[in-house]
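A.B. asks: Here it is, the structure, as structure tokens.
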Amino acid sequence: MTDRQPVIGTGPQAPTAPTTPAAEPWSGPLVSAEWLGGVGRGSGVVVFDASVGAHRGGAVRIPGARPFDLDGELSDHSSPVPHTMPTATAFTEALRALGVDDTSTVVVYDAAGIYSSARAWWMLRAMGFDRVAVLDGGLPAWTAAGLPVEPAPAAYDGPRGDFTARPRPGLLVDSTEVLAALADPAAAVFDARTRDRFAGTAPEPRPGLRAGHMPGALSLPFAEVRTADGRMRPAAELRAAFDALAPAAEKLYFSCGSGVTACVLALAADLAGHPELAVYDGSWSDWGRPSALPVIQGAQGVPGAAGTSPSATRPASTA
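So the mapping is simple: the numbering used here equals the position in the sequence shown, first residue as 1, plus 28.
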């Protein structure tokens, strides 16, 4: 981000910037496959495979990668909605069991390009850990670069770490905070779901959820901030995407189906230089449950649709 020091590359244990053109210095929330395969792997970087769903438990991994199980111990299973952030105590124990130290440098990836890896990145940030970046393009970019893979073991069995979670307030928010943001002219709420789900013309994949979107939310499907091969778009394009919908917003909030692809938008906004970001942890799995929280159908909030403009994105009824 443009208003803070790089999260990696500072401090005595950070990787040294390479001199070869193919491997750029790590100075933000993304790292290339060439960097990780060169300087990064030679510097003791902890690599996590955060793949979920159909991509989880693949046959191969980046050599030495450890499983970051968003469907398992890295979700709060006492919550009625999926992928909820675990407690600080549970997160601390999970990361220690995975061999992470407070001084570690971490790279996360997934098998779908950039998808669930962004959730792992945001979780670590929310728990006070800044020495983390996402592998741009994920495992497909790694293999496309001709870098090696190895059979993926079922679990990590190496030494424990000394990581301690230090939660940062405001990076993960609930429905009360999102409802307030929808009525705040200095805030904008972006929805990462597909446009047909946003409009309510396609059913939700999770049973029991209402169709549609929050009144005043803005539609920005997460696929639109990525390239066709699963990498993040250039920062200038990302800035343009956010500015087209909310040029005056001072704080950006992100929602999706269950708090995973909302983090892809958070990553995009970070790359675009937005300093004030928050992810709705429960996302539509929480908001869309039968409740008094408002839901509307239609195209309002979709770029170019009637009633959607940078100056008129919130109906009066959202207050």
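Ideal placement from N, C-alpha and C gives every residue a C-beta, glycine not left out.
1. Secondary structure at Leu207, three-state DSSP: helix, strand or coil?
2. For the beta strand (DSSP E) containing Ala161, list its first residue and its last residue.
3. What do you reckon, are the CB atoms on Leu305 and Ala263 nearer than 7 Å?
4. Along the beta strand (DSSP E) that carries Asp138, what are the first and last residues, could you check?
5. Since Ser145 is in the alpha helix (DSSP H), which residue starts that stretch and which ends it?
6. Determine the direct distance from the alpha carbon of Arg188 to that of Gly244, and round the result to whole angstroms.
7. State buried or exposed for Ser106, treating a residue as buried only when at least 16 other CB atoms are found within 10 Å of its CB.
8. Short check: CB of Pro91 to CB of Pro176, under 7 Å?
9. Where does Glu178 land, buried or exposed, given buried means 16+ other C-beta within 10 angstroms?
10. DSSP state of Gly332, grouped into three classes?
11. Identify, in the order they occur along the chain, each residue of the same chain with its Cβ nearer than 6 Å to the Cβ of Phe157, setting aside the five sequence neighbours on each side.
12. Leaving aside the five residues before and after Ile324 along the sequence, list all residues of the same chain whose C-beta is less than 7 Å from its C-beta, in chain order.
13. Do you know offhand how far His302's Cα is from Trp170's?
14. Rounded C-beta distance between Tyr281 and Ala230? I'm assuming under 8 Å.
15. Taking all protein chains shown into account, decide if Glu62 is buried (16 or more other Cβ within 10 angstroms of its Cβ) or exposed.
16. Would a C-beta distance cut-off of 7 Å place Gly141 and Gly166 closer than the cut-off?
17. What is the residue span of the beta strand (DSSP E) that Asp219 lies within?
18. Would Leu98 pass as a contact of Val80 if the rule is Cβ separation under 7 Å?
19. So, at 6 Å on beta carbons, what are the nonlocal neighbours of Ala122 in its own chain, with the 5 sequence-adjacent residues on each side left out?
20. Contact check, Phe76 vs Ala148 under 8 Å by CB: the rounded distance?
21. Give me the Cβ distance between Gly68 and Val136, rounded to the nearest whole Å; I'm assuming they're in contact under 8 Å.
22. Quick check on Ala290: buried or exposed, where buried means 16 or more other Cβ atoms within 10 Å of its Cβ?
23. Would you identify the three-state DSSP class for Ala50, choosing helix, strand or coil?
24. How about Thr192 and Thr133: are their beta carbons less than 7 Å apart?
25. Helix, strand or coil: which one does DSSP assign to Ser311?
26. Closer than 8 Å by C-beta to Glu232: which residues in its own chain qualify, once you throw out the five before and the five after it? Chain order, please.
27. Out of Ser203, Ala251, Leu295, Asp257, which has the shortest C-alpha to C-alpha gap to Asp309?
28. Do Leu273 and Leu246 come within 7 Å of each other at the CB atom, strictly closer than that value?
29. Quick check: is the beta carbon of Ala87 nearer than 7 Å to any beta carbon in chain D?
30. As an exercise, report each continuous beta strand (DSSP E) stretch of at least 3 residues that is fully enclosed by the region 245–292, in chain order.
31. On the criterion of 16 or more Cβ atoms from any shown chain inside 10 Å, does Pro249 qualify as buried, or is it exposed?
32. Report the option in Leu321, His111, Pro318, Thr131 whose CA atom is closest to the CA atom of Ser71.
33. In whole angstroms, what separates the C-alpha of Arg159 from that of Gly332?
34. With DSSP as the reference, please indicate the residues paired to Leu305 in a beta bridge.
C.D. replies: So, from the listed chains and residues:
1. helix
2. 160–163
3. No, the Cβ-Cβ distance between Leu305 and Ala263 is not below 7 Å.
4. Taken as a continuous stretch (DSSP letters only), Asp138 belongs to no beta strand (DSSP E), as it is neither H nor E.
5. 145–154
6. Taking the straight line from one Cα to the other gives about 46 Å.
7. exposed
8. yes
9. Sixteen is the threshold: since fewer than 16 other Cβ atoms of the shown chains lie within 10 Å of the Cβ of Glu178, the residue is exposed.
10. coil
11. none
12. Gly240, His241, Pro243
13. 28 Å
14. That pair is no contact at about 23 Å.
15. Classification of Glu62: buried, given that the 10 Å Cβ count is 16 or more.
16. yes
17. 215–219
18. yes
19. Glu101, Leu102
20. 6 Å
21. Not quite, the Cβ-Cβ distance comes to about 12 Å (not below 8 Å), so this is no contact.
22. buried
23. Note on Ala50: pLDDT 35, under 50, position unreliable in the model; no value is reported.
24. no
25. helix
26. Excluding sequence positions up to five before and after Glu232, its CB lies within less than 8 Å of the CB of Arg225, Arg238, Ala239, Gly285, Trp312, Gly316, all in the same chain and listed in chain order.
27. Ser203
28. Contact flag set, yes.
29. Within the model displayed, chain D is absent; a lone protein chain is all it includes.
30. Runs found: 279–283.
31. buried
32. Thr131
33. 39 Å
34. Leu280
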